[in-house]
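Numbering (mature numbering (1 follows the signal peptide of the UniProt record, and there is no 0)), first residue to last: -27 to -1, 1 to 160.
Note that the Cβ used here is the ideal one computed from N, Cα and C, for glycine as well.
Predicted, not measured: the structure shown is a model, and the values here were computed from it.
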């Protein structure tokens, strides 16, 4: 009887251990940080895609050869190519150094905004008084961006290939839930 009880305790503990090993532990994410990272990622991605000639295409298709000896290949716009989008996403988060925490002077709402102009644009005058420059915050934003890019890579591909109107809203509000509808502010 004692042996049977000992075996049952062992099985119970083993079962609990298996159950607990399947539970994914995830800390509470900072919504300002992850919303900012998601919005910045989309902003940078759209900027990179806008630089590509829309007439530029790439061949995609199967490597299988049909019985008549031909391969089935299609041409699609380069900006809808998963390979190209993956390549852009690979380094997109390096641009998070151009963003920092901004506090709206009236509402005191915090959001991440771009403070540095891109090579091909003029941002006009930027009021740096409302930015909170902090190296740790920039590192955290880059990490959050990498996390968003990794966790939502398939959704990003899907939304871009479907010509989604508002990529920011679809990805950052609907798909990921990082942003709230009210936090729709410009970067």
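Let's test the definition: count the other Cβ atoms within 10 Å of the Cβ of residue i and tell me whether it reaches 16, buried, or not, exposed.
| i | result |
| --- | --- |
| residue 13 | buried |
| residue 139 | exposed |
| residue 123 | exposed |
| residue 39 | exposed |
| residue 73 | buried |
| residue 15 | buried |
| residue 154 | exposed |
| residue 169 | There is simply no residue 169 to check, as the chain begins at -27 and stops at 160 in what is shown. |
| residue 9 | buried |
| residue 48 | exposed |
| residue 151 | buried |
| residue 54 | buried |
| residue 121 | buried |
| residue 45 | exposed |
| residue -7 | Residue placement at residue -7 is flagged as unreliable, the pLDDT there being 42, under the threshold of 50; the coordinate-derived value follows with that caveat. Residue -7 is exposed by the Cβ-count criterion. |
| residue 94 | exposed |
| residue 17 | buried |
Based on Cα-Cα distance, which residue from the options lies nearest to residue i?
| i | options | result |
| --- | --- | --- |
| residue 115 | 66, 147, 56 and 58 | 66 |
| residue 58 | 82, 129 and 142 | 129 |
| residue 4 | 113, 131, 31 and 133 | 113 |
| residue 76 | 94, 62 and 100 | 100 |
| residue 11 | 135, 131 and 126 | 126 |
| residue 27 | 52, 132 and 80 | 52 |
What number of angstroms, rounded off, separates the C-alpha of residue i from the C-alpha of residue j?
| i | j | result |
| --- | --- | --- |
| residue 56 | residue 78 | 42 angstroms |
| residue 166 | residue 70 | The structure shown does not extend to residue 166, since the chain is modelled only from -27 through 160, so no value can be given for it. |
| residue 42 | residue 29 | 27 angstroms |
| residue 148 | residue 7 | 13 angstroms |
| residue 137 | residue 105 | 33 angstroms |
| residue 19 | residue 146 | 17 angstroms |
| residue 102 | residue 83 | 13 angstroms |
| residue 68 | residue 142 | 21 angstroms |
| residue -5 | residue 2 | With a pLDDT of only 37 at residue -5, under 50, the local geometry of the prediction cannot be trusted, and the value read off the model is given with reservation. Rounded to the nearest angstrom, the two C-alpha atoms are 17 angstroms apart. |
| residue 109 | residue 81 | 21 angstroms |
Under a CB-based cut-off of 8 angstroms, is residue i close to chain E?
| i | result |
| --- | --- |
| residue 94 | The structure shown contains no chain E; it is built from a single protein chain. |
Grouping DSSP H, G and I as helix and E and B as strand, with all else coil, what is residue i?
| i | result |
| --- | --- |
| residue 83 | strand |
| residue 94 | coil |
| residue 134 | helix |
| residue 26 | coil |
| residue 151 | coil |
| residue 7 | helix |
| residue 53 | helix |
| residue 37 | strand |
| residue 2 | coil |
| residue 116 | helix |
| residue 141 | helix |
Original post:
Do the stretch 23 to 33 and the stretch 72 to 91 touch if we need at least three Cβ pairs shorter than 8 angstroms?
Top reply: no
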